[in-house]
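Residue numbers (the numbering used here): 3 to 141.
Even glycine gets a Cβ: it sits at the ideal position worked out from N, Cα and C.
Keep in mind the model is a prediction, meaning the values are calculated, not measured.
Encoded as structure tokens, the structure appears first; notes follow it.
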């Protein structure tokens, strides 16, 4: 009688201790539309201007990533819509997300650490020459 009870208790104990929470993220964290608010690097934080604040990332179900990027014309000062396209995204480990801004012909994959605090998303990129951050606000 003691042996089956001991095996049962060990099995129950293993069930609770061996199941670690998945670190791959929760779709609710990133889903939605995010507008750029700031860029941060070693020189400090630069708030997005009116044109840059129209840059968006839209994380959708099915790992679809819609994105829009804008730039300011240096001669006229006008805001120019640049890239407006779709790619893909996926959760990785350790609070990282993979973003593919590429096309069917050529992928453009970037990996970023992400942190969501309320309605603020911070993406941290490291391309080998130092980290930089982009902050977004949920629309």
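Presumed contact (8 angstroms Cβ cut-off) between residue 98 and residue 114, rounded CB distance: Counting from one through the chain shown, the residue named residue 98 turns up at place 96. Counting from one through the chain shown, the residue named residue 114 turns up at place 112. At roughly 7 angstroms, the Cβ-Cβ gap stays under 8 angstroms, so residue 98 and residue 114 are in contact.
Candidates 62, 52 and 94: closest to residue 2 by CA position: No information on residue 2 is available, as it lies outside the stretch 3 to 141 that the chain covers here.
Local Cβ density within 10 Å of residue 50, reported as buried at 16 or more and exposed below that: To locate residue 50, count along the chain shown from 1; it is residue 48. By the 10 Å Cβ count, residue 50 comes out buried.
According to DSSP, residues forming a beta bridge with residue 83: Against the chain shown, residue 83 aligns to sequence position 81. According to DSSP, residue 83 bridges with 72.
Whole-angstrom distance between residue 131 and residue 41, CA atom to CA atom: Position 39 of the chain shown, counting from 1, holds the residue named residue 41. Position 129 of the chain shown, counting from 1, holds the residue named residue 131. Approximately 16 angstroms, taken between the alpha carbons.
Within 8 angstroms, strictly: CB atoms of residue 67 and residue 36: Counting from 1 along the chain shown, the entry for residue 67 is found at position 65. Counting from 1 along the chain shown, the entry for residue 36 is found at position 34. Contact: no.
Reference residue 33; option with closest CA among 86, 64 and 46: On the chain shown, position 31 is the one that residue 33 refers to. Closest option to residue 33, Cα to Cα, is 64.
Cut-off 7 angstroms between Cβ atoms - residues of its own chain near residue 126, not counting five sequence neighbours on either side: Sequence index remark: in the chain shown, residue 126 carries index 124 (1-based). Closer than 7 angstroms at the Cβ level, and outside the excluded window around residue 126, lie 114, 115, 133 and 135.
Cβ-Cβ distance between residue 110 and residue 104 below 8 angstroms: What you label residue 110 is simply residue 108 of the chain shown in a count that begins at 1. What you label residue 104 is simply residue 102 of the chain shown in a count that begins at 1. Yes, these two residues count as a Cβ contact at 8 angstroms.
N-terminal and C-terminal residue of the beta strand (DSSP E) that residue 103 is part of: Taking the chain shown and counting its residues from 1, the one referred to as residue 103 is at position 101. Per DSSP, residue 103 is not a residue of any beta strand (DSSP E), being assigned neither H nor E.
Other residues of its chain near residue 84: CB distance less than 7 angstroms, five sequence neighbours each side excluded: Counting from one through the chain shown, the residue named residue 84 turns up at place 82. Correct list, in chain order: 71, 72 and 73.
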